[in-house]
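Final position of the sequence shown in the numbering used here is 568; the numbers increase by one with none missing. From the three backbone atoms N, C-alpha and C, an ideal C-beta is built for every residue, glycine too.
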Amino acid sequence: MSECSKIEWVVLDAMGVIYSIGRDVENLLIPFLRERGCEAPDDHIQRDYKACSLGHMNSDDFWMACGMEAYDGLDCEYTFQHNLSAGLLPTLAALRERGVHIACLSNDVSEWARLLRRRFRLDRWVEKWIISADVGLRKPNSLIYARLLGELESKAENCLIVDDNLRNIEAAAKLDFQTMHFNREADGGAVGQFNKLLEMADLIETSCR
(Lines of atoms letter the chains of each structure in order from A and count residues from 1; the text may use other names and numbers.)
(Lines give C-alpha, C1' and ligand atoms only; values in the text may rest on other atoms or scores of the structure.)
Protein backbone atom coordinates (compact mmCIF):
# COMPACT_ATOMS: atom_id res chain seq x y z
CA MET A 1 0.00 0.00 0.00
CA SER A 2 1.33 3.45 -0.83
CA GLU A 3 2.24 5.87 1.97
CA CYS A 4 -0.81 7.97 1.11
CA SER A 5 -3.84 6.10 -0.20
CA LYS A 6 -6.85 8.36 -0.42
CA ILE A 7 -10.23 6.80 0.29
CA GLU A 8 -12.43 6.89 -2.80
CA TRP A 9 -14.90 4.24 -1.63
CA VAL A 10 -16.18 3.22 1.79
CA VAL A 11 -17.49 -0.34 1.52
CA LEU A 12 -19.90 -1.29 4.30
CA ASP A 13 -20.99 -4.73 5.40
CA ALA A 14 -24.75 -5.09 5.75
CA MET A 15 -25.55 -7.21 8.82
CA GLY A 16 -23.99 -5.69 11.90
CA VAL A 17 -22.91 -2.47 10.15
CA ILE A 18 -25.69 -1.03 7.97
CA TYR A 19 -28.29 -3.01 9.90
CA SER A 20 -28.24 -3.28 13.67
CA ILE A 21 -28.20 -7.07 14.03
CA GLY A 22 -25.07 -9.04 13.19
CA ARG A 23 -24.93 -12.85 13.01
CA ASP A 24 -28.42 -12.67 11.58
CA VAL A 25 -28.81 -16.41 11.03
CA GLU A 26 -28.35 -17.19 14.73
CA ASN A 27 -29.97 -14.04 16.10
CA LEU A 28 -32.92 -13.58 13.72
CA LEU A 29 -33.43 -16.35 11.15
CA ILE A 30 -33.35 -19.44 13.36
CA PRO A 31 -35.60 -17.87 16.05
CA PHE A 32 -37.98 -16.69 13.29
CA LEU A 33 -38.22 -20.24 11.95
CA ARG A 34 -38.63 -21.80 15.39
CA GLU A 35 -41.53 -19.45 16.19
CA ARG A 36 -43.25 -20.82 13.10
CA GLY A 37 -42.79 -24.47 13.94
CA CYS A 38 -39.65 -25.28 11.97
CA GLU A 39 -38.04 -28.44 13.37
CA ALA A 40 -35.04 -28.61 11.04
CA PRO A 41 -31.73 -28.86 12.93
CA ASP A 42 -29.73 -25.66 13.25
CA ASP A 43 -26.92 -27.04 11.09
CA HIS A 44 -29.38 -27.84 8.28
CA ILE A 45 -30.75 -24.30 8.42
CA GLN A 46 -27.20 -22.94 8.32
CA ARG A 47 -26.38 -25.19 5.34
CA ASP A 48 -29.47 -24.17 3.37
CA TYR A 49 -28.99 -20.51 4.20
CA LYS A 50 -25.42 -20.66 2.90
CA ALA A 51 -26.64 -22.28 -0.32
CA CYS A 52 -29.27 -19.57 -0.69
CA SER A 53 -26.72 -16.83 0.00
CA LEU A 54 -24.58 -18.28 -2.80
CA GLY A 55 -27.49 -18.13 -5.23
CA HIS A 56 -27.96 -21.91 -5.37
CA MET A 57 -31.63 -21.51 -4.44
CA ASN A 58 -34.05 -18.61 -4.15
CA SER A 59 -35.77 -17.52 -0.95
CA ASP A 60 -38.93 -19.56 -1.69
CA ASP A 61 -36.78 -22.68 -2.08
CA PHE A 62 -35.07 -21.88 1.21
CA TRP A 63 -38.33 -21.54 3.15
CA MET A 64 -39.61 -24.81 1.70
CA ALA A 65 -36.33 -26.57 2.52
CA CYS A 66 -36.98 -25.51 6.13
CA GLY A 67 -40.48 -27.03 6.04
CA MET A 68 -42.28 -23.71 5.64
CA GLU A 69 -44.96 -22.68 3.17
CA ALA A 70 -43.42 -19.95 1.00
CA TYR A 71 -46.45 -17.66 1.01
CA ASP A 72 -46.48 -14.13 -0.43
CA GLY A 73 -45.13 -11.72 2.11
CA LEU A 74 -42.96 -14.18 4.04
CA ASP A 75 -39.75 -12.48 2.89
CA CYS A 76 -41.14 -9.11 3.99
CA GLU A 77 -42.25 -10.57 7.32
CA TYR A 78 -38.75 -11.87 7.97
CA THR A 79 -36.79 -8.83 6.82
CA PHE A 80 -39.06 -6.47 8.77
CA GLN A 81 -37.14 -7.56 11.89
CA HIS A 82 -34.13 -5.56 10.71
CA ASN A 83 -33.47 -1.94 11.65
CA LEU A 84 -30.80 0.50 10.57
CA SER A 85 -27.85 0.94 12.88
CA ALA A 86 -27.92 4.06 15.04
CA GLY A 87 -25.85 6.79 13.45
CA LEU A 88 -25.83 5.26 9.96
CA LEU A 89 -27.76 7.87 7.98
CA PRO A 90 -25.85 10.92 9.28
CA THR A 91 -22.62 9.07 8.51
CA LEU A 92 -23.69 8.27 4.94
CA ALA A 93 -24.59 11.93 4.42
CA ALA A 94 -21.26 13.07 5.88
CA LEU A 95 -19.29 10.70 3.67
CA ARG A 96 -21.08 11.92 0.57
CA GLU A 97 -20.40 15.54 1.60
CA ARG A 98 -16.71 14.61 1.70
CA GLY A 99 -16.93 13.28 -1.85
CA VAL A 100 -16.54 9.66 -0.78
CA HIS A 101 -18.49 6.99 -2.68
CA ILE A 102 -20.37 4.32 -0.73
CA ALA A 103 -20.82 0.63 -1.54
CA CYS A 104 -22.11 -2.44 0.26
CA LEU A 105 -20.45 -5.86 0.18
CA SER A 106 -22.61 -8.44 1.94
CA ASN A 107 -23.19 -12.15 2.35
CA ASP A 108 -26.95 -12.25 1.90
CA VAL A 109 -29.95 -13.68 0.06
CA SER A 110 -30.80 -11.68 -3.07
CA GLU A 111 -34.49 -11.21 -2.31
CA TRP A 112 -33.87 -10.12 1.29
CA ALA A 113 -31.11 -7.70 0.35
CA ARG A 114 -33.34 -6.00 -2.24
CA LEU A 115 -36.28 -5.73 0.15
CA LEU A 116 -34.17 -4.12 2.84
CA ARG A 117 -32.55 -1.51 0.67
CA ARG A 118 -35.93 -0.55 -0.83
CA ARG A 119 -37.56 -0.39 2.58
CA PHE A 120 -34.92 1.98 3.94
CA ARG A 121 -34.40 3.85 0.63
CA LEU A 122 -30.67 3.19 0.80
CA ASP A 123 -30.04 3.53 -2.94
CA ARG A 124 -30.03 7.30 -2.46
CA TRP A 125 -26.74 6.85 -0.54
CA VAL A 126 -25.25 3.51 -1.58
CA GLU A 127 -24.10 3.49 -5.20
CA LYS A 128 -23.02 -0.15 -5.55
CA TRP A 129 -24.37 -3.34 -4.01
CA ILE A 130 -22.35 -6.55 -4.27
CA ILE A 131 -24.46 -9.31 -2.74
CA SER A 132 -23.09 -12.84 -2.40
CA ALA A 133 -26.16 -14.54 -3.87
CA ASP A 134 -25.98 -12.31 -6.95
CA VAL A 135 -22.33 -13.12 -7.67
CA GLY A 136 -22.09 -16.70 -6.36
CA LEU A 137 -19.30 -15.84 -3.91
CA ARG A 138 -19.16 -15.21 -0.18
CA LYS A 139 -16.75 -13.30 2.01
CA PRO A 140 -13.98 -14.02 2.94
CA ASN A 141 -13.34 -15.61 -0.47
CA SER A 142 -10.73 -13.41 -2.16
CA LEU A 143 -12.64 -13.63 -5.45
CA ILE A 144 -15.54 -11.58 -4.10
CA TYR A 145 -13.10 -8.76 -3.27
CA ALA A 146 -11.76 -8.94 -6.82
CA ARG A 147 -15.35 -8.74 -8.06
CA LEU A 148 -15.85 -5.71 -5.83
CA LEU A 149 -12.89 -3.88 -7.38
CA GLY A 150 -14.20 -4.62 -10.85
CA GLU A 151 -17.60 -3.17 -9.96
CA LEU A 152 -16.07 -0.08 -8.35
CA GLU A 153 -13.38 0.40 -11.01
CA SER A 154 -11.01 1.25 -8.20
CA LYS A 155 -7.85 -0.01 -6.49
CA ALA A 156 -7.83 -1.87 -3.19
CA GLU A 157 -5.73 0.80 -1.45
CA ASN A 158 -8.39 3.39 -2.28
CA CYS A 159 -11.18 1.39 -0.66
CA LEU A 160 -11.96 1.21 3.07
CA ILE A 161 -13.69 -2.04 4.03
CA VAL A 162 -15.87 -1.75 7.16
CA ASP A 163 -17.02 -5.09 8.58
CA ASP A 164 -17.98 -6.52 11.96
CA ASN A 165 -16.46 -9.93 11.10
CA LEU A 166 -12.71 -10.12 11.76
CA ARG A 167 -12.24 -12.94 9.25
CA ASN A 168 -13.55 -10.67 6.50
CA ILE A 169 -11.35 -7.80 7.69
CA GLU A 170 -8.25 -10.00 7.72
CA ALA A 171 -9.00 -11.32 4.23
CA ALA A 172 -9.43 -7.79 2.87
CA ALA A 173 -6.25 -6.52 4.55
CA LYS A 174 -4.22 -9.26 2.88
CA LEU A 175 -5.43 -7.89 -0.46
CA ASP A 176 -4.22 -4.34 0.39
CA PHE A 177 -7.61 -2.87 1.23
CA GLN A 178 -7.78 -0.32 4.00
CA THR A 179 -9.91 -1.84 6.76
CA MET A 180 -11.87 -1.00 9.87
CA HIS A 181 -13.30 -3.54 12.30
CA PHE A 182 -16.79 -2.32 13.23
CA ASN A 183 -17.01 -3.31 16.89
CA ARG A 184 -20.38 -2.22 18.23
CA GLU A 185 -19.43 -3.66 21.63
CA ALA A 186 -16.83 -0.91 22.06
CA ASP A 187 -17.55 2.29 23.97
CA GLY A 188 -20.11 4.39 22.14
CA GLY A 189 -21.66 1.42 20.32
CA ALA A 190 -22.58 1.81 16.66
CA VAL A 191 -22.60 5.61 16.85
CA GLY A 192 -19.08 5.57 18.26
CA GLN A 193 -17.93 3.28 15.46
CA PHE A 194 -19.42 5.54 12.78
CA ASN A 195 -17.68 8.51 14.39
CA LYS A 196 -14.44 6.52 14.23
CA LEU A 197 -15.08 5.86 10.53
CA LEU A 198 -15.47 9.56 9.80
CA GLU A 199 -12.34 10.34 11.81
CA MET A 200 -10.39 7.78 9.76
CA ALA A 201 -11.66 9.28 6.52
CA ASP A 202 -10.67 12.78 7.66
CA LEU A 203 -7.21 11.71 8.84
CA ILE A 204 -6.47 9.92 5.58
CA GLU A 205 -7.76 12.87 3.55
CA THR A 206 -5.56 15.27 5.54
CA SER A 207 -2.47 13.09 5.13
CA CYS A 208 -2.98 12.96 1.37
CA ARG A 209 -3.04 16.74 0.87
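With DSSP as the reference, please indicate the residues paired to residue i in a beta bridge.
i: residue 468; result: In the DSSP output, where bridge partners are listed per residue, residue 468 has none listed.
i: residue 487; result: 462
i: residue 443; result: 378
Got a sec? Which residues, its chain only, sit under 6 Å from residue i by beta carbon, not counting five neighbours each side?
i: residue 390; result: none
i: residue 481; result: none
i: residue 538; result: 520, 528, 531 and 532
i: residue 526; result: 499
Near residue i, what residues of its chain come up, given a Cβ to Cβ distance below 8 Å and the 5 sequence neighbours on each side ignored?
i: residue 545; result: 551 and 552
i: residue 416; result: 407, 410 and 424
i: residue 542; result: 523 and 552
i: residue 422; result: 428, 429 and 433
Classify residue i: buried if its beta carbon has 16 or more other beta carbons within 10 angstroms, exposed otherwise.
i: residue 505; result: exposed
i: residue 428; result: exposed
i: residue 361; result: Caution applies to residue 361, whose pLDDT of 48 falls short of 50 and renders its modelled position unreliable; the model cannot decide the point.
i: residue 501; result: exposed
i: residue 496; result: buried
By Cβ distance below 7 Å, which residues in the same chain neighbour residue i in space, the five residues on each side in sequence not counted?
i: residue 380; result: 374, 386, 387 and 441
- Task: State whether the segment 449-468 contacts the segment 364-379, with contact taken as three or more CB pairs (one from each stretch) at a distance under 8 Å.
- Result: With the cut-off at 8 Å, the segment 449-468 and the segment 364-379 touch.
- Query: Does the segment 466-485 come close enough to the segment 428-440 that 3 or more CB-CB pairs lie under 8 Å?
  - Reply: Touching, per the Cβ criterion.
- Message: Report the start-end ranges of each beta strand (DSSP E) in the segment 365-417 that is 3 residues or longer and not cut off at the edges.
- Response: Runs of the beta strand (DSSP E) inside the segment 365-417: 368-371.
- Query: Using 8 Å as the threshold, is the segment 371-387 in touch with the segment 439-453, meaning 3 or more CB pairs across them?
  - Reply: Contact between the segment 371-387 and the segment 439-453 is present, because at least three Cβ pairs lie under 8 Å.
- Touching or not, the segment 534-543 and the segment 506-516, by the rule of three or more beta carbon pairs under 8 Å? Taking a cut-off of 8 Å on C-beta distances, the segment 534-543 touches the segment 506-516, as three or more cross pairs fall below it.
- Message: Please give me, in chain order, every unbroken run of the alpha helix (DSSP H) with length at least 4 that falls completely inside the segment 474-551.
- Response: If we require 4 residues or more, the alpha helix (DSSP H) runs fully inside the segment 474-551 come out as 491-494, 501-511 and 525-533.
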